[in-house]
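Numbering (the working numbering), first residue to last: 61 to 222.
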């Protein structure tokens with residue numbers, strides 16, 4: 061039925077459903093960075109994909125996968141999966157990759173916050189992304205709505221910035 065699927069070799073090993081169809085599905089055209097025509101999306105997502113991929117070539121060698129998850133009138137959310145060998149200091153390796161990728165995304169005109177917000181992983185790059193005027197606006201709103209500083213203290217804005 062599926063000539064490329066091997067028979068289970070170990071007790072309990074199962075080849076089923078989608079896994080059984082993978083070899084057949086991938087036997088046609090070669091894999092592409094995206095599964096939809098990129099020219100149909102605003103903001104040239106292939107430029108962003110290439111910027112992310114290029115930013116990692118030296119610092120974290122491996123490969124980059126990308127997919128579009130949400131599409132809006134203003135653009136699309138692109139998600140990236142980076143596959144690489146784990147280095148001797150994985151936390152430092154992740155931080156280096158995160159910094160390189162964030163710089164590439166911002167440099168290509170993308171945003172790192174979109175529909176999931178900023179959060180602790182992206183807070184350090186917030187000022188660079190939104191600029192001083194928007195940062196001051198955010199501080200002002202925070203002071204008005206949370207004068208006691210009890211809502212996510214120190215998470216998005218440093219405690220001393222209001």
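Virtual Cβ for every residue (Gly too), placed ideally from N, Cα, C.
According to DSSP, what are the bridge partners of residue i?
| i | result |
| --- | --- |
| residue 141 | 125 |
Note the first and the last residue of the continuous alpha helix (DSSP H) segment covering residue i.
| i | result |
| --- | --- |
| residue 167 | 150–167 |
| residue 182 | 179–182 |
| residue 192 | 186–205 |
| residue 224 | Residue 224 lies beyond the stretch modelled for the chain, which goes from 61 to 222, so this question has no answer here. |
Where residue i and residue j are concerned, what is the direct C-alpha to C-alpha distance, given to the nearest angstrom?
| i | j | result |
| --- | --- | --- |
| residue 203 | residue 195 | 12 angstroms |
| residue 206 | residue 164 | 34 angstroms |
| residue 143 | residue 136 | 22 angstroms |
| residue 181 | residue 160 | 13 angstroms |
| residue 117 | residue 153 | 13 angstroms |
| residue 216 | residue 151 | 21 angstroms |
| residue 171 | residue 177 | 10 angstroms |
| residue 106 | residue 208 | 45 angstroms |
| residue 183 | residue 158 | 12 angstroms |
| residue 211 | residue 147 | 37 angstroms |
| residue 131 | residue 138 | 9 angstroms |
| residue 187 | residue 134 | 22 angstroms |
Are residue i and residue j close, meaning C-beta to C-beta below 8 angstroms?
| i | j | result |
| --- | --- | --- |
| residue 156 | residue 119 | yes |
| residue 128 | residue 140 | no |
| residue 189 | residue 200 | no |
| residue 111 | residue 168 | yes |
How close, in whole Å, do the beta carbons of residue i and residue j come, if the pair is a contact with beta carbons under 8 angstroms?
| i | j | result |
| --- | --- | --- |
| residue 109 | residue 122 | Going by Cβ atoms, the distance from residue 109 to residue 122 rounds to 15 angstroms, so no, they are not a contact pair. |
| residue 179 | residue 162 | About 13 angstroms; that fails the 8 angstroms criterion. |
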